[in-house]
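**Student:** Residue numbers (the working numbering): 51 to 247.
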């Protein structure tokens, strides 16, 4: 009995058992058909997670901190002023670079209350997604859209006012059709479009 307990405490035994299990699973894996790929829903979730994290960090750790210290401000016309791009512009400009890369993935911010019409819903799916966020803001709205002969998977995620600066900018902008946003309100959506070919 003491010998059995000693063996079960041995790292060599556990290493040998682990190696045997890995070898057995490797042999079995050779007989399996590899998965067809990652679903477009999963890809969109991955892309959204990165975009959301990047914009949140930019908003909270760059723009808000620099403005609070009086170092520099963020402004709509940042290219012509000594200012940083607004968080929405940061996302729009990175989306433009990705679109120009030719990889087929596109993303942008949209709203039912856009300050500029280019940010209005471009498809019926986008419009329905934005309307659905009144009931289910924490669930992405997805579907297939067609452009010419190509089909694309489109996912729209709700976009909330994560900072007082977002609220202040939208509520005070002269072109804003809605001026009563509050912190954490859904202001629109982030749409991610992925080619299916």
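Just so it is clear, CB atoms sit at the ideal spot from N, CA and C, and this is done for glycine as well.
#1: List, from N- to C-terminal side, the alpha helix (DSSP H) runs of 4 residues or more that fit wholly inside the segment 161 to 203.
#2: If we ignore side chains and look at the alpha-carbon of each, how far apart do residue 97 and residue 242 end up?
#3: Could you tell me if residue 105 is buried or exposed, where buried requires 16 or more neighbouring beta carbons within 10 angstroms of its beta carbon?
#4: From the DSSP secondary-structure annotation, give me the bridge partner or partners of residue 207.
#5: Based on the DSSP output, what are the partners of residue 245 in its beta bridges?
#6: Does the segment 111 to 119 come close enough to the segment 128 to 147 that 3 or more CB-CB pairs lie under 8 Å?
#7: Count Cβ pairs between the segment 232 to 246 and the segment 202 to 222 that sit closer than 8 Å; are there 3 or more?
#8: To which residues of the same chain is residue 170 closer than 6 Å at the C-beta, ignoring the five residues directly before and after it?
#9: Output the distance between the C-alpha atoms of residue 187 and residue 127, rounded to the nearest integer angstrom.
#10: Helix, strand or coil for residue 89 per DSSP?
#11: Tell me, to the nearest whole angstrom, how far the beta carbon of residue 244 is from that of residue 93; I am working on the premise that it is less than 8 Å.
#12: On the three-state DSSP scale, how would you describe residue 235?
#13: Could you tell me the alpha carbon to alpha carbon distance between residue 224 and residue 167, rounded to whole angstroms?
#14: Please determine, among 144, 178, 228 and 213, the residue with the shortest C-alpha to C-alpha distance to residue 101.
#15: Whole angstroms is fine: what's the gap from residue 99's alpha carbon to residue 207's?
#16: What is the C-beta distance between residue 194 and residue 183, in whole angstroms, given that I count them as a contact (C-beta under 8 Å)?
#17: Reducing DSSP to helix, strand and coil, say where residue 153 ends up.
**Tutor:** Taking the structure as given:
#1: 174 to 182, all fully within the segment 161 to 203.
#2: Their Cα atoms are separated by approximately 8 Å.
#3: When all chains shown are included, residue 105 counts as buried.
#4: Bridge partners of residue 207: 240.
#5: Per the DSSP secondary-structure output, residue 245 pairs in a beta bridge with 202.
#6: Counting C-beta pairs closer than 8 Å gives three or more between the segment 128 to 147 and the segment 111 to 119, which meets the contact rule.
#7: Contact between the segment 232 to 246 and the segment 202 to 222 is present: three or more C-beta pairs spanning the two stretches fall below 8 Å.
#8: Result list for residue 170: 164, in chain order.
#9: Whole-angstrom Cα-Cα distance: 31 Å.
#10: Residue 89 carries a coil assignment under DSSP once its states are collapsed to helix, strand and coil.
#11: With a Cβ gap of about 6 Å, residue 244 and residue 93 count as contacting.
#12: Taken through DSSP and simplified to helix, strand or coil, residue 235 comes out as coil.
#13: Cα to Cα, residue 224 sits roughly 14 Å from residue 167.
#14: Its Cα nearest to that of residue 101, the residue 144 stands out among 144, 178, 228 and 213.
#15: So the alpha carbons of these two residues sit roughly 10 Å apart.
#16: Separation of the CB atoms of residue 194 and residue 183 is rounded to 20 Å, and the pair is thereby denied contact status at 8 Å.
#17: Reduced to three states, the DSSP call for residue 153 is coil.
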